[in-house]
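Take a look at the structure below.
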Amino acid sequence: MREIKTDDIIKAVAHLFEHSCHYLPEDVVAALKQARGREKSPVCRDVLDRILKNVEISAKEQIPLCQ
Numbered sequence: 580m581r582e583i584k585t586d587d588i589i590k591a592v593a594h595l596f597e598h599s600c601h602y603l604p605e606d607v608v609a610a611l612k613q614a615r616g617r618e619k620s621p622v623c624r625d626v627l628d629r630i631l632k633n634v635e636i637s638a639k640e641q642i643p644l645c646q
C-alpha cells in the first residue's frame with residue numbers, strides 16, 4: 580500500500596484552495612460573458628461587467644475573487 584505524507588496532502592489542499600480563490604472555471608466565465616451579451620437591463624449589464632472585471636483582476640493580481 581502506498582503511503583502519502585500528511586505534508587503532501589496539506590500542500591495539495593492549500594494549493595487547490597488558493598487556486599479556487601483566484602480563478603473561475605472557463606465555462607463559468609464563458610457563461611457570464613454570454614449572459615452579459617444577452618442582457619437588456621443596463622443595471623444587470625453593469626453588474627456582469629463588474630463581475631467579469633473582478634475575475635480578470637483576481638487572476639492577474641493573484642488576489643481572491645470578491646463574492
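Heads up, the sequence shown stops at 646 in my numbering, and the numbers go up one at a time, no gaps. Note that CB positions come from ideal geometry on N, CA and C, so glycine has one too.
Bounding residues of the alpha helix (DSSP H) (the contiguous stretch that carries residue i)
{"i": "Q613", "result": "605-617"}
{"i": "E590", "result": "The residue asked about is misnamed: residue 590 is Lys in this sequence, not Glu. That run of the alpha helix (DSSP H) goes 585-601."}
{"i": "S620", "result": "Careful: S620 lies outside any alpha helix (DSSP H) and carries neither H nor E."}
Per-residue burial, residue i [other beta carbons within 10 Å of its own, 16 or more giving buried]
{"i": "V634", "result": "buried"}
{"i": "V595", "result": "Checking the sequence, you will find Leu at residue 595 rather than Val. L595 comes out exposed."}
Cβ separation of residue i and residue j, assumed to be a contact under 8 Å, to the nearest whole Å
{"i": "L627", "j": "R615", "result": "4 Å"}
Beta-carbon gap between residue i and residue j smaller than 8 Å
{"i": "Q641", "j": "H598", "result": "no"}
Own chain, CB closer than 6 Å to residue i, minus 5 neighbours either side, in chain order
{"i": "V543", "result": "An answer regarding residue 543 cannot be provided, because it is not within the stretch 580 to 646 covered by the chain."}
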